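All residue numbers in the sequence shown are consecutive under the UniProt record's numbering, ending with 270.
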Amino acid sequence: MHIRKSDGTMQPFDRRKLERALTRALVSPAAKQEVLTTIPRMVRPGTSTQQIHTRVLHLLESIDPVGAARFNLKHAMFQLGPSGFPFEQYIARILSAYGWQTETGKFVQGKCVQHEIDVYAKREGEIRAIEAKYRNTAGGRVDIKVALYVHARHLDLSARDPSVVGALFTNTELTETARIYSECVGMKVMAWNYPVDDGLAKFIEQKHLYPLTVFSRIPMHVVSKLTRDGIVLANQLCELEASQFSKYGLRKEDTQNLQNDSRDLCALHL
1 MHIRKSDGTM QPFDRRKLER ALTRALVSPA AKQEVLTTIP RMVRPGTSTQ
51 QIHTRVLHLL ESIDPVGAAR FNLKHAMFQL GPSGFPFEQY IARILSAYGW
101 QTETGKFVQG KCVQHEIDVY AKREGEIRAI EAKYRNTAGG RVDIKVALYV
151 HARHLDLSAR DPSVVGALFT NTELTETARI YSECVGMKVM AWNYPVDDGL
201 AKFIEQKHLY PLTVFSRIPM HVVSKLTRDG IVLANQLCEL EASQFSKYGL
251 RKEDTQNLQN DSRDLCALHL
């Protein structure tokens, strides 16, 4: 049976791929079995991967809310927007958790011109000038023009200060041409699943640095207000009181559910 990917192409439905995704999200054994029993029966020829994801998520939310949040990671990244600024904050936060000192929107002088750096990160003498390229749809990819720009900026910055290294982070994937070019020039890149087994997804999961949008019950207008105040990580929600949630326009019932879910997630990973 073939299902439809986000780019419109068709691929066989793979139960093992779904099982791996559930395992990676640390879904409870009982919930995993329920999903693997229920979902394949609902899939029809032409069903989209988005429809499958939504059905899995809704089922998990009723039986394993914390597992649902982790399972929702990739799609949650698309909800941080529509602008790229929350993603820049998010990258800065997760780098901080790995011991980097970070600044966002920093202006740095190169040999020729000044550059605005999305995320400027320092650790033990290393400096990364990071372009945080955000996409809010599953089909969006980072193309060769971005790779060329990031490398050109790296050359200008490193010509003035050799300790500065340009880098590209994205929540999606690279086009084939962009990947080949970045490997050819030795550019540091972290895409969703690139480098293989060492991409952004793994970087997030290793320290459980989930975005607040893994909780699908948060309305987008509330997400916008939270990110404006620098709240981008799910574990930051654990520190908020009910009165603070109401300040952001969340209903009392939703506040209670979100507090329970976020504290359950934090209890497991903090």
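Note that beta-carbon positions come from the ideal geometry of N, C-alpha and C, so glycine has one too.
Computed from a predicted structure; not experimentally measured.
Check	Outcome
Express the C-alpha separation of Pro40 and Ala15 in angstroms, rounding to a whole number.	Position check: residue 15 holds Arg in this sequence, whereas Ala was assumed. Computed Cα separation, rounded: 7 Å.
What distance in whole Å lies between the Cβ atoms of Ala21 and Phe71, which are believed to be in contact at a cut-off of 8 Å?	7 Å
Spatial neighbours of Gly230 within its chain, please: CB distance less than 7 Å, with the 5 preceding and 5 following residues excluded, ordered by chain position.	Gln89
Which residues does DSSP pair with Ile127 in a beta bridge?	Lys122, Val164
Can you tell me which of Ala25, Gly46, Phe85 puts its alpha carbon nearest to the alpha carbon of Val56?	Ala25
Which first and last residues belong to the alpha helix (DSSP H) in which Val35 is found?	29-42
To the nearest angstrom, report how far apart Lys207 and Val164 are at their CA atoms.	26 Å
Can you give me the Cβ contacts of Ile94 inside the same chain, cut-off strictly under 6 Å, excluding the 5 residues immediately before and after it?	Leu209
Counting Cβ pairs, one atom from each stretch, are 3 or more of them under 8 Å apart for the segment 44-54 and the segment 94-109?	no
Name the DSSP bridge partner or partners of Val108?	His115
Whole angstroms are fine: how far does the CA of Asp261 sit from the CA of Val35?	20 Å
Secondary structure at Leu200, three-state DSSP: helix, strand or coil?	helix
Can you tell me whether DSSP reads Leu233 as helix, strand or coil?	strand
Note the first and the last residue of the continuous alpha helix (DSSP H) segment covering Met220.	220-228
If I'm right that Arg135 touches Thr177 with Cβ under 8 Å, what's the distance once you round it to whole angstroms?	Going by Cβ atoms, the distance from Arg135 to Thr177 rounds to 17 Å, so no, they are not a contact pair.
Would Asp143 and Glu131 be called neighbours here (beta carbons separated by less than 7 Å)?	no
Would Thr170 and Ala76 be called neighbours here (beta carbons separated by less than 7 Å)?	no
Does Tyr194 come out as helix, strand or coil in the three-state DSSP assignment?	strand
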